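Right, one structure below, let's go through it.
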Amino acid sequence: MAFCAIAVVFMHLTVWRWIAFRRHQTFGHILSYWDSAYYTAIARDGYSGVLFAFYPAYPLTVGFLGKLLGVTEFQWVGAVFSTVMFAGFLFWCFRASRSGEVPDGLTPKSRLGWLFVLLWPVSYIFHSHHTEALFLLLSFLAFFFSGTRRPVWGGIFAALCALTRNQGVLVVGAAALLAAWVETTPARRVRALLIAGVLGALGVVGFLTFQSVVAGSPFAFVKAQQNWTHVESVGQVLKAFVFANPWQSTDPYNVLWYISWWVLLIGAVLLARRQPALGVYALLCLLMQLYQGEFVNTFRFAAPVFPLLFFLGDGCAKRPRWFQFAVVMGLFVLNVATVRHYGLGEWAY
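Below, the structure written as structure tokens:
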């Protein structure tokens, strides 16, 4: 799998380098599209205005490293940092899969399980200037320690997740449930649940405290998102399923994201039957997207939900060879297309 990971990264860099050459742009310019530009602004200048919408762990870490190393182009620092975090995830996950001590669903059981993560349409975010690689590693460690009867460390890493992405609050709950799930007596289950849950909740409190100190309000991130598209009623949530919200589109890409969301949702339900804590986590991550009233972020929302991608890959590995080949080729084509879109500055999440 190490070779496959290196090959995928090399492919992405080659596509971007070619685009930069053809458009007479610097490579660093390509690494600064969309949310990456906001992370750079936070790393360079700190928080203000709409930047409070973004969680602090990743951009502040990149800013610290960049200033420590004397690097002013923070997108490069972020890309290298994310690549290291992604490599760390692959290393720890592979090591855990060989130990045989982890709970079911936390590591893949087939090569396709690995490939579903490596070839997921937006896997480029794991080695570019984005938060997902850091969140991927932190969430894996939170689940790993919680699932191996070490709720203190599970709670600590869950708390760090809560400082990294909005899905982090779901990691806190899932890590606490997983810590309780693997225990053998009611008393130990309650103890593990409380330890992991309380420690993880400190991350949520820490985020709200950070917002209060820096912005003057614990909910500054909500105000910063007021101009983003989001639903204001249950009716608009329901309208999203029939493309009836005014900001939705029925172009082929939106239809693809919509279909993908349903496939992921079905997978999350099936995963919950096998491992409730991880399955519910995946399910809630998908349902969280409904707040936007559209499905344009489906690929990115699902990218760090590695238990779901492992589960889907392992399930695919049980199908006929022709089906496996078709799915892998489909993921590969989508991966290349999405990388190209990002390199061109088009929507690619």
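Position 209 (the sequence shown) corresponds to 193 in the numbering used here; numbering is contiguous. Ideal placement from N, C-alpha and C gives every residue a C-beta, glycine not left out. Keep in mind that this is a model prediction, so the values were computed, not measured.
Alpha-carbon to alpha-carbon, residue j and residue i
| i | j | result |
| --- | --- | --- |
| residue 132 | residue 162 | 9 Å |
| residue 141 | residue 273 | 23 Å |
| residue 136 | residue 86 | 16 Å |
| residue 201 | residue 219 | 30 Å |
| residue 94 | residue 199 | 47 Å |
| residue 83 | residue 125 | 15 Å |
| residue 159 | residue 55 | 36 Å |
| residue 245 | residue 288 | 14 Å |
| residue 174 | residue 238 | 44 Å |
| residue 178 | residue 205 | 28 Å |
| residue 109 | residue 29 | 23 Å |
| residue 157 | residue 295 | 20 Å |
| residue 105 | residue 317 | 8 Å |
| residue 263 | residue 5 | 43 Å |
| residue 233 | residue 215 | 15 Å |
| residue 77 | residue 19 | 27 Å |
| residue -7 | residue 212 | 31 Å |
| residue 12 | residue 21 | 11 Å |
| residue 290 | residue 306 | 25 Å |
| residue 209 | residue 148 | 17 Å |
| residue 223 | residue 167 | 42 Å |
| residue 51 | residue 40 | 16 Å |
| residue 72 | residue 121 | 7 Å |
| residue 44 | residue 58 | 11 Å |
| residue 186 | residue 193 | 10 Å |
| residue 190 | residue 7 | 43 Å |
| residue 90 | residue 243 | 25 Å |
Nearest candidate by alpha-carbon position, reference residue i, set the options
| i | options | result |
| --- | --- | --- |
| residue 153 | 188, 3, 38 and 52 | 188 |
| residue 102 | 328, 320 and 23 | 320 |
| residue -12 | 217, 329, 235 and 312 | 312 |
| residue 227 | 280, 126 and 44 | 280 |
| residue 24 | 242, 104, -9 and 115 | 115 |
| residue 80 | 30, 128 and 252 | 128 |
| residue 315 | 240, 33, 73 and 195 | 240 |
| residue 196 | 148, 324, 32 and 181 | 32 |
| residue 275 | 229, 304, 310 and -3 | 229 |
| residue 46 | 38, 63 and 37 | 63 |
| residue 42 | 165, 119, 36 and 52 | 119 |
| residue -9 | 145, 10, 107 and 38 | 107 |
| residue 282 | 164, 53 and 322 | 322 |
Boundaries of the alpha helix (DSSP H) in which residue i is found, first to last residue
| i | result |
| --- | --- |
| residue 116 | 116 to 131 |
| residue 284 | 282 to 286 |
| residue 325 | 305 to 327 |
| residue 134 | Per DSSP, residue 134 belongs to no alpha helix (DSSP H) and is neither H nor E. |
| residue 275 | Neither: residue 275 is in no alpha helix (DSSP H) and is coded neither H nor E. |
| residue 3 | -14 to 6 |
| residue 257 | 236 to 258 |
| residue 195 | 170 to 199 |
| residue 103 | Looking at the DSSP string, residue 103 is not in any alpha helix (DSSP H), and its letter there is neither H nor E. |
| residue 148 | From DSSP, residue 148 is part of no alpha helix (DSSP H); its letter is neither H nor E. |
| residue 332 | Segment: none, residue 332 is in no alpha helix (DSSP H) and carries neither H nor E. |
| residue 76 | 58 to 83 |
| residue 25 | 19 to 29 |
| residue 291 | 290 to 301 |
| residue 111 | Looking at the DSSP string, residue 111 is not in any alpha helix (DSSP H), and its letter there is neither H nor E. |
| residue 13 | 11 to 14 |
| residue 209 | Taken as a continuous stretch (DSSP letters only), residue 209 belongs to no alpha helix (DSSP H), as it is neither H nor E. |
| residue 219 | 218 to 224 |
| residue 42 | 41 to 53 |
Proximity test, residue i beta-carbon vs the ligand FAD heavy atom, cut-off 7 Å
| i | result |
| --- | --- |
| residue 213 | What this structure holds is no ligand at all, so the ligand FAD is not there to describe. |
Any C-beta of chain C under 8 Å from that of residue i
| i | result |
| --- | --- |
| residue 212 | In the displayed structure, chain C is absent; only one protein chain is listed. |
Same chain only: Cβ atoms within 7 Å of residue i, ignoring 5 sequence neighbours per side
| i | result |
| --- | --- |
| residue 88 | 258 and 259 |
| residue 327 | -1, 0, 3 and 14 |
| residue 308 | 96, 300 and 301 |
| residue 292 | 248, 251, 252, 255, 266 and 286 |
Chain-order list of residues whose beta-carbon lies under 8 Å from that of residue i (same chain, five-residue window excluded)
| i | result |
| --- | --- |
| residue 285 | 151, 269, 270, 272 and 273 |
| residue 231 | 213, 277 and 278 |
Cβ shell of residue i (< 6 Å), same chain only, five flanking positions each side left out
| i | result |
| --- | --- |
| residue 98 | -15 and 92 |
| residue 117 | 66, 69, 70 and 110 |
| residue 49 | 61 |
| residue 325 | 332 |
| residue 181 | 160 |
| residue 329 | 17 |
| residue 123 | 145 and 155 |
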